[in-house]
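Asker: In this note's numbering, the protein residues as written are 2 to 354.
Please see the structure below; I have some questions.
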């Protein structure tokens with residue numbers, strides 16, 4: 002038995018969290034103990050809490066949270082790259098086999114033996130718990146140093162939402178061509194998609210089912226164009242105009258109309274974990290040599306790249322910092338898209354009980 006920690010956990014599929022205490026396992030030789038400072042709130046957390054993800058069965062009690070920034074307070078004997086007092090970040094994957102081709106090619110998030118930050122088990126059968134807690138343990142290979150010029154709360158959402166957008170968009174970097182990209186959905190991941198694509202020099206179109214976000218897309222995020230997907234006229238005019246679409250929508254939506262927006266050989270990049278099956282006609286792909294591909298989080302290398310990219314470009318994370326006790330209200334607001342654009346929990350500054 003390791004350190005006793007205080008957390009907030011889901012006890013059932015109601016979607017409500019309440020105070021919960023548990024013991025971490027003892028810190029292994031390659032692990033570090035972090036005092037959690039901040040933790041982001043992700044839509045996947047809510048899906049998982051409610052048991053809505055078909056890819057995994059939710060095990061209760063569940064302590065969510067996979068965008069964690071903390072201070073190193075204890076080191077395992079084999080930890081060499083971090084020191085006590087370092088401010089580090091941890092994302093959705095906390096361990097993998099470390100031996101396969103994927104792990105050795107900076108694609109460890111696709112390892113068949115990856116271990117999730119929560120709702121999973123370590124190799125010894127101990128359950129994993131997330132960052133909605135006062136302390137977490139993390140393997141040194143899955144931690145990143147937070148740049149000194151980046152505030153911890155600003156870095157937090159980059160560890161999942163930010164790198165989820167960055168990883169698939171990275172393939173369009175380093176070209177003299179000005180890519181025309183579409184960002185489908187303007188939520189937590191979507192607003193990062195706009196910010197990152199603009200910083201890469203792309204011509205960015207925000208695609209939405211409602212014009213309520215038109216002003217913020219064009220004026221606040223500086224997108225180049227806004228496309229109302231419910232307008233048949235606008236959609237026909239935009240047909241075959243985009244090199245890629247980053248699909249961030251975490252709910253059911255038919256794909257046919259969005260595929261029609263892509264140029265020949267265009268790509269639909271799916272990063273939103275919709276809990277239902279998505280649908281499309283094969284002819285939409287065949288007649289334009291178009292592709293649908295998914296992308297999961299990002300590697301540790303890509304996370305480090307993004308943190309440095311953020312600092313070098315002077316980018317700002319749009320967040321609302323709240324106390325841990327506010328988490329249930331935060332989830333309710335998130336379901337209504339009533340946050341611009343990401344909740345970050347001030348874990349260290351909250352009442353642990």
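The beta carbon of each residue, even a glycine, is placed where N, CA and C say it ideally should be.
All of these numbers come straight from a predicted model, not from anything done at the bench.
Would you call the region 94 to 108 in contact with the region 304 to 318, where contact means no fewer than 3 C-beta pairs closer than 8 Å?
Answerer: No, they do not touch.
Asker: Which one of 95, 84, 239 has the shortest CA to CA distance from residue 299?
Answerer: 95
Asker: Apply the 10 Å Cβ neighbour rule to residue 329 and answer buried if 16 or more other Cβ atoms are within range, or exposed otherwise.
Answerer: exposed
Asker: Which of helix, strand or coil does DSSP assign to residue 171?
Answerer: helix
Asker: Could you check where the beta strand (DSSP E) with residue 11 kicks off and where it finishes?
Answerer: 5 to 11
Asker: Using a Cβ-Cβ cut-off of 6 Å (strictly less than) and excluding sequence neighbours within five positions of residue 322, which residues of its own chain qualify?
Answerer: 154, 345, 347
Asker: Ends of the beta strand (DSSP E) at residue 140?
Answerer: 136 to 140
Asker: For my contact list, residue 49 and residue 107 are in at a C-beta cut-off of 8 Å; report their separation, rounded to the angstrom.
Answerer: Not confirmed; about 26 Å, so no contact.
Asker: Could you give the residue range of the alpha helix (DSSP H) that holds residue 50?
Answerer: 44 to 50
Asker: Following the continuous beta strand (DSSP E) through residue 226, name the residue where it begins and the one where it ends.
Answerer: 226 to 229
Asker: So, at 6 Å on beta carbons, what are the nonlocal neighbours of residue 178 in its own chain, with the 5 sequence-adjacent residues on each side left out?
Answerer: Answer for residue 178: no residue qualifies.
Asker: Going by C-alpha distance, which of 185, 320, 265 is nearest residue 1?
Answerer: Limits of the chain in this structure are 2 at one end and 354 at the other, which puts residue 1 out of reach.
Asker: Mind checking residue 61: buried by the 16 CB within 10 Å criterion, or exposed?
Answerer: So residue 61 counts as exposed.
Asker: Provide the residue span of the alpha helix (DSSP H) that contains residue 33, from first to last.
Answerer: No alpha helix (DSSP H) contains residue 33, which is instead part of the beta strand (DSSP E) from 32 to 41.
Asker: What span of residues does the alpha helix (DSSP H) with residue 194 cover, start to end?
Answerer: 189 to 200
Asker: Comparing alpha-carbon positions, which option in 6, 27, 228, 211 lies nearest residue 21?
Answerer: 6
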